[in-house]
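Student: The first sequence maps to residues 6 to 265 in the working numbering.
Got a structure for you, written out below as structure tokens; questions coming shortly.
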Amino acid sequence: MKIATWNINGVKARIDTLLAWLREASPDIVGLQEIKSVDEGFPRLEIEALGYNVVTHGQKGFNGVAILSKRPLEDVSRGLPGDPADEQSRYIEAVVSTAGGVVRVGVLYLPNGNPLGTEKFPYKLAWMERLKRHAQARLELEEPFLLIGDYNVIPDPIDARSPAAWVNDALFQPESRAAFRALLACGFTDALRASTTAQVFTFWDYQAGCWQRNEGIRIDHILTSPQATDHIRAVGIDKHVRGWEKPSDHVPVFVDLDLD
DNA sequence: ATGGCCGGCGCAGCCGGA
């Protein structure tokens, strides 16, 4: 079972790119972030035509997350628990059933947190604390559970081509990195980092020729519960998609589990 | 050369992104 995460940067502007990648990669489950669409505007018919079930948690203009799955999506929940006043659409979760048992997938678009010195950075850290609390509760289920998405956190210096350029950025603050480590310490595995010690990226800014110069960062992550980690066959990044026409600034990251 | 973009909204140019 191939499970992928991709910050699509506007699903309506990117629908042809998304369909092309779905045909090529044929993932079983996809978590999308930054759909930048309300639920009614999501291009579900084209995606359903490729054999996917679709659930969305949209918002007008920005943010928004979705799950696509070849298998039926059960127990769908929208929004991250812990703050009823939070109106931003950044989390969706669902369960799929396989012959080997259930797989639970949480899809997140973690707040950017920039610029520092505004209310956005404490919002990011508070959101990460809520995520940890929710993740701990899910770990108690002892299921194969994957927390996939755009974390907006550069975990370590190796995860940026030019770490010095990020020292005053919310993505690379000690507090952001510590919160990411605290999440891992609950029992998750950073699947991609566990698979390679090489420098690999998932995002290249549109500006300044970052793609051409390989000025990337690794901020899209797949965290696996112990029960999911046991089933990992492979982990990868579809880097070539960044070179396509009308690319997102992020590329898909995927894990292949031997649960089918 | 220390900068170079993009989508949404809505129809100009600002906001948000990372």
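We put the beta carbon where it would ideally sit given N, CA and C, even for glycine.
1. Considering only the alpha carbon of each residue, which of Val101, Tyr114, Val100, Asp33 lies closest to Ile40?
2. What number of angstroms, rounded off, separates the C-alpha of Leu188 from the C-alpha of Gly66?
3. Let me check understanding here. Comparing Cα to Cα, which of Asp91, Ala140, Arg223, Met6 lies closest to Pro231?
4. Any contact of the segment 244–261 with the segment 159–177, i.e. 3+ C-beta pairs under 8 Å?
5. Is it the case that the Cβ atoms of Ala104 and Asp265 are separated by a distance below 8 Å?
6. Any idea what DSSP makes of Arg166, helix, strand or coil?
7. Please classify Leu189: does DSSP put it in a helix, a strand, or coil?
8. Would you tell me roughly how many angstroms separate the C-alpha atoms of Asp210 and Leu37, rounded to the nearest one?
9. Within 10 Å of its beta-carbon, does Lys17 have 16 or more other beta-carbons around it, so buried, or fewer, so exposed?
10. In chain order, what residues of the same chain have a beta carbon less than 7 Å from the beta carbon of Gly241, not counting five sequence neighbours either side?
Tutor: In brief:
1. Ranking the options by Cα distance to Ile40, first place goes to Tyr114.
2. Within the model, the alpha-carbon separation for Leu188 versus Gly66 is close to 29 Å.
3. In terms of CA proximity to Pro231, Ala140 leads the group Asp91, Ala140, Arg223, Met6.
4. Because the criterion of three Cβ pairs below 8 Å is not met, the segment 244–261 and the segment 159–177 do not touch.
5. Yes, they are a contact pair.
6. Coil at Arg166, not helix or strand.
7. In the structure shown, Leu189 sits in a helix (DSSP, three-state: H, G or I).
8. Taking the straight line joining both Cα atoms gives about 18 Å.
9. Lys17 should be labelled exposed.
10. Here Gly241 has Phe259 as same chain residues with Cβ atoms under 7 Å from its own Cβ, once five neighbours each way along the sequence are excluded.
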